[in-house]
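Residue numbers (my numbering), protein chains in the order written: chain A, 336 to 628; chain B, 11 to 448.
Structure below.
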């Protein structure tokens, strides 16, 4: 009895994979190829005057202070979004796991934020914290904190992080919850019988067994913080004030579509793609070793 | 049964094709006028469509100026360009440099054999969008210029005469301080700070924004807005922000919300914002006047420059359709249409005739202040520094200036460092524009 799946017709597996391959080709390889092509050109927006400039766009980026500022900002931003997102959703998942009454209600409420589009999430949090009409901003003023994310860069970044994390919590929560529920109760009971307290049980038994899920979510969250947070930034701050929330993916949009600098924007896009591919590769190579399956 | 069905299908087919035989040429007009401005736009197009039956103009609202331009570029590259697209004034240099994409208006009118008289247009409006030898490239549509708005109630509360606006910046500072002392949440806030506080401050005081007549004379230019008067001015505003005499309300048009909410005493904003302020505060609660000037920089104001947008005609459509485009552009520039557009929106009329008709109708007596915009633009014959701006990659340069000004307001940099840094980064953008368009 063969354990592997085999096909009698040789062309059947290719046919079954074809739809996904077509989608990947059209929506990933083709635009990426276009971006790589445009990154070695300088052209006017309408495409009438394009010149081949080899690696000039990249050299210009590496001499650009504002590009490196954006890189540093994106590193900080993605670290914050990934760690806060994973920590909070793990906490929520552990707590939701222990609930018996009303468990379905809690899970439903915790899953809803994921259905909110990133741009809408940005607008929502913008309203709550709006310096003139926002409820939370008003409450903060009541306890003496002047909250104005239009002029204060750090507050703007904080708000964008909160909105981005909020949007992603449900996704992480669902996976963590599923991971928790797949841990055999017998292991935990055995540890309890051996005298391990809840903390010990968590860190020595549950956490390692959650590591496949955790690793997967780490990869997803980092990619999300690099790319998926565009909507939140665009709706909330548009990269401002100053360059305080101008993360790399937003800078690509800003330079390319508002500034019509297609060559420079494509170069940034290519660099971003390489960085994320490298990050994912590093994660699989080194961190996956420590994941227990 | 089948016979009846077949014959009714045949009849329907004949009816449908009969509709097609009328063959009205559709002209696509992509614009960025939302809200009540968009309704006036639809009225204008409907008026043209009613006046003749050969062409049908279809106005489509595409979002902000940036979104509209991006959509037009994408459509052009896909060979599906609209006939007319509304582009903001900062895109002028980029549009002019787009080889093969743009159909200059003077050429369109000549090719379509439509009457066209350049002298009927208001000087600075026409000049901004023409070549140095006077050939009009795009059709001025909605031009505005910054004016001073003030909240009469907040001035009364401070013990000031609500009908006497400040004429100079020191006066405005004093009045704003008094208003804040009497309880106003903010003394003064500017709209579109790069346009009002840097570009127009320069033109108003006859200071250059860039070399080569602000870019009209070529693309190998450098920025000059970090001069001593503007450094002093921005530093003064930064000092004012310490006690809320000056409050920064955000980029572009965001600060108007502070004024319409009744929080701010003074607001320098586009003349086109008048209708929104009127709706929010009521026409007897606010005043409009010319922008203040700094007497230590210039003995009297020069003239202001326009903002807003124009209509560019794009290539790529069948030749016969462009006659309709030319007819429509002439319709838009006709006196009754321009007068209606000016009166209902607050934008400046682009022809002298429309301004005269509006004055004769007593409109300016009914709504005092609406003629201020035209007055500012025609205050003096424009000099090299006050004709307008033709800066490549202007969107990025404005973003850079916005960022640096925000660094000043948040206390991160002083005015001199910020403006010097802005000029340095802006010059880089200009070099790239020059390289891309050689």
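For every residue, glycine included, the Cβ atom is placed at its ideal position computed from N, Cα and C.
- For residue 381 of chain B, no alpha helix (DSSP H) encloses it, and the DSSP letter there is neither H nor E.
- Residue pairing for residue 377 of chain A: DSSP places it in a beta bridge opposite A/386.
- Between residue 41 of chain B and residue 78 of chain B, the gap from beta carbon to beta carbon is short of 9 Å.
- A Cβ of chain A is located within less than 9 Å of the beta carbon of residue 412 of chain B.
- A straight-line Cα-Cα distance of about 29 Å links residue 279 of chain B and residue 129 of chain B.
- For residue 431 of chain A, there are no C-beta contacts with chain B under 9 Å, since the nearest C-beta of that chain is about 40 Å from it.
- Nearest Cα to residue 253 of chain B within the set B/187, B/239, B/214: B/187.
- Against chain A, a Cβ distance below 8 Å from residue 405 of chain B picks out 593, 594, 595.
- Taking a 10 Å sphere around the C-beta of residue 400 of chain B, we find 16 or more other C-beta atoms and assign the residue as buried.
- Taking 7 Å as the upper bound on Cβ-Cβ separation, chain A lies near residues 80, 83, 86, 87 of the stretch 80-98 of chain B.
- The C-beta of residue 411 of chain B has 16 or more other C-beta atoms within 10 Å across all chains shown, which makes the residue buried.
- At least one CB atom of chain B sits nearer than 9 Å to the CB of residue 590 of chain A.
- Across the structure, residue 368 of chain A and residue 412 of chain A are spaced so that their CA atoms are roughly 28 Å apart.
- Pairing residue 335 of chain B with residue 97 of chain B, the inter-Cα distance amounts to about 16 Å.
- Note on geometry: alpha-carbon atoms of residue 276 of chain B and residue 251 of chain B lie some 14 Å from one another.
- C-alpha of residue 393 of chain A to C-alpha of residue 602 of chain A: approximately 6 Å in a straight line.
- In the DSSP assignment, residue 430 of chain A falls within the alpha helix (DSSP H) that extends over 400-433.
- The beta carbon of residue 494 of chain A sits closer than 7 Å to the beta carbons of 460, 464, 484, 571 from its chain, once the five residues preceding and following it are set aside; these are given in chain order.
- When the alpha-carbon of residue 567 of chain A is set against those of A/527, A/607, A/588, A/455, the nearest one is in A/455.
- Bounds of the beta strand (DSSP E) holding residue 152 of chain B are 149-154.
- Taken in chain order, the complete beta strand (DSSP E) segments of 3 residues or longer contained in the stretch 245-298 of chain B are 274-280.
- The C-alpha of residue 39 of chain B is placed about 16 Å away from the C-alpha of residue 64 of chain B.
- In the DSSP assignment, residue 98 of chain B falls within the unbroken beta strand (DSSP E) covering 94-98.
- At the C-beta level, residue 595 of chain A and residue 83 of chain B come within 9 Å of one another.
- For residue 616 of chain A, the enclosing alpha helix (DSSP H) stretches over residues 597-617.
- For chain A, the residues of the stretch 238-269 of chain B that bring a beta carbon within less than 8 Å of one of its beta carbons are 258, 259, 260, 261, 264, 267, 268, in chain order.
- At a C-beta separation below 9 Å, residue 289 of chain B has no neighbours in chain A, since its nearest C-beta there lies roughly 18 Å away.
- Proximity of chain A to residue 420 of chain B at the Cβ level (cut-off 8 Å) is accounted for by 486, 487, 488, 576, 577, in chain order.
- Annotation: the continuous beta strand (DSSP E) that includes residue 68 of chain B extends over 65-71.
- For residue 38 of chain B, the enclosing beta strand (DSSP E) covers residues 35-41.
- Of all alpha-carbon atoms in B/435, B/440, B/443, the one lying nearest the alpha-carbon of residue 398 of chain A is that of B/435.
- Between residue 204 of chain B and residue 408 of chain B, the C-beta spacing is below 9 Å.
- Distance from residue 499 of chain A to residue 560 of chain A at the Cβ level is roughly 7 Å; contact confirmed, criterion being Cβ atoms closer than 8 Å.
- Contacts with chain B at 9 Å (Cβ-Cβ) include residue 381 of chain A.
- Inter-segment contact for the stretch 543-557 of chain A and the stretch 610-623 of chain A is present: three or more beta-carbon pairs are separated by less than 8 Å.
- Taking 9 Å as the CB threshold, residue 558 of chain A stays off the interface with chain B.
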